[in-house]
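>
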């Protein structure tokens, strides 16, 4: 009988193991989407109960509104935390290890920790006064971390551009030994041009990153133009990278295959 | 047996025999022929043609029409174009697909001021 019960436990254990592993392997993006949808749901509920309380301020309505607010606070910060985790994943997914964006990586890590701790902290709220005090402090403390999310988005894009540069350089290093030596004058010119263009793109990315961390840009972080200006630079770099890769493809087709 | 001799006594019959013998009875026929001769000939020719067509149709139905089969044309085989694709095209596509519009991913809007106080606008 004991053996039979043990045998029954094995499938149950396997089922639990598979469930846990599914949760662990859920990617950062879907985790954020899930948390954000929960926040939206709770926020609607909180808005309705708050309205009820303001129209009919009974103790019962107040308690219901506080509970809904606590729930919303928790899911809001979990959503923000998972968004920070998603950005961290995007910045680090290809392990570019581009040191200039490290401040953004650190800031995102701090933001993630802050939001997750706030999600936990908000659950100690009991009264309306607690809630008001908590929110007052939160508004003050979250500013830096909310800015980290905005700058983190741009940092991830820089990381992506750097990754293309690494891949491009690896591609050139891969093709050079395949070319017939000594290089013809035309080929030598192309190789020099492509190397110069590669250095120019690296310089542009470095300059973009330096400007990105400049005080002027950090002061401008909450403005609408913040993303517009950075988008333009990203677009310019993308155009240069496409020009570079076209040159490489040209060398590959005309010299490496002949 | 001898054939008995018939004595015609009817005056109308006698008159008719007289007209036949003298040729008087053919005068209106000749006059009609003179008047409608070409119409009659044309009608006759048309009838003959119609009969000939009917006979020809019947005869053609019995003999199947020869089926014309155009000579076979050899398929034109297009010249095979060898497209040399670089192994770096995938990287190019990857660079092309990057979204340059920021913020990407989009940052959702959160309410940082969750409380039970009336909103002041």
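Chains as they are written, first to last, in my numbering: chain A, 1 to 258; chain B, 259 to 379. Beta carbons are placed, not taken as given, at the ideal position from N, Cα and C, and that holds for glycine. Quantities reported herein were computed from a predicted structural model and do not represent experimental measurements.
Determine which residues of the region 333-349 of chain B have a Cβ less than 9 Å from any Cβ of chain A, and write them out in chain order.
From the region 333-349 of chain B, only 342, 343, 344, 345, 346, 347 and 349 have a Cβ closer than 9 Å to chain A.
> What in chain B is Cβ-close to residue 160 of chain A, meaning under 7 Å?
Neighbours of residue 160 of chain A on chain B, chain order: 356.
> Does any CB atom of chain A fall closer than 9 Å to the CB of residue 363 of chain B?
By this cut-off, residue 363 of chain B is an interface position.
> Between residue 146 of chain A and chain B, is any beta-carbon pair separated by less than 9 Å?
Chain B, which has a Cβ nearer than 9 Å to the Cβ of residue 146 of chain A, makes this yes.
> So the alpha helix (DSSP H) residue 357 of chain B belongs to, where does it begin and stop?
Careful: residue 357 of chain B lies outside any alpha helix (DSSP H) and carries neither H nor E.
> Between the Cα of residue 40 of chain A and those of A:29, A:60 and A:76, spot the shortest distance and give me the residue it belongs to.
That would be A:76, whose Cα lies nearest to the Cα of residue 40 of chain A.
> Excluding the 5 residues preceding and the 5 following residue 234 of chain A in the sequence, name in chain order all residues of the same chain whose CB lies nearer than 6 Å to its CB.
157.
> Would you check if the distance between the CB atom of residue 74 of chain A and the CB atom of residue 117 of chain A is smaller than 9 Å?
Cβ atoms of residue 74 of chain A and residue 117 of chain A: not closer than 9 Å.
> Check whether the Cβ atoms of residue 82 of chain A and residue 31 of chain A sit closer than 9 Å, and answer yes or no.
A contact, by the Cβ cut-off of 9 Å.
> For residue 292 of chain B and residue 286 of chain B, what's the separation of their Cα atoms in angstroms?
About 10 Å.
> Taking beta-carbon pairs under 8 Å, can you tell me which members of the region 46-70 of chain A lie near chain B?
Listed by position, the residues of the region 46-70 of chain A near chain B (Cβ gap below 8 Å) are 46, 50, 53, 54, 62, 65, 66 and 69.
> Would you please state the rounded distance, in angstroms, between the beta carbons of residue 365 of chain B and residue 218 of chain A? I believe it to be under 8 Å.
Not confirmed; about 17 Å, so no contact.
> With distance defined between alpha-carbon atoms, name the residue in A:51, A:69, A:27 and A:53 nearest to residue 88 of chain A.
Nearest of A:51, A:69, A:27 and A:53 to residue 88 of chain A, Cα basis: A:27.
> So, is the C-beta of residue 331 of chain B closer than 9 Å to a C-beta in chain A?
So no, residue 331 of chain B is outside the interface.
> Mapping DSSP to helix, strand and coil, what is residue 152 of chain A?
Helix at residue 152 of chain A.
> Touching or not, the region 273-281 of chain B and the region 204-215 of chain A, by the rule of three or more beta carbon pairs under 8 Å?
Segments in contact, no.
> Identify, in the order they occur along the chain, each residue of the same chain with its Cβ nearer than 7 Å to the Cβ of residue 179 of chain A, setting aside the five sequence neighbours on each side.
Cβ within range, chain order: 187, 255 and 256.
> Show which residues of chain B have a CB atom less than 7 Å away from the CB atom of residue 227 of chain A.
360 and 361, listed in chain order.
> Starting from the beta carbon of residue 366 of chain B, find every residue of chain A whose beta carbon is closer than 7 Å, and list them in chain order.
The contacting residues are 36.
> Can you tell which of A:167, A:249, A:244 and A:103 has the C-alpha that lies nearest to the C-alpha of residue 153 of chain A?
If we check each option's Cα against that of residue 153 of chain A, A:103 comes out closest.
> Where do the ends of the alpha helix (DSSP H) carrying residue 303 of chain B lie?
Unbroken alpha helix (DSSP H) run through residue 303 of chain B: 285-320.
> Using a Cβ-Cβ distance under 9 Å, would residue 194 of chain A count as near chain B?
Closer than 9 Å: no.
> Using three-state DSSP, classify residue 214 of chain A as helix, strand or coil.
Correct three-state label for residue 214 of chain A: coil.
> Return no unless some Cβ of chain A is closer than 9 Å to the Cβ of residue 327 of chain B.
No, residue 327 of chain B does not count as interfacial toward chain A.
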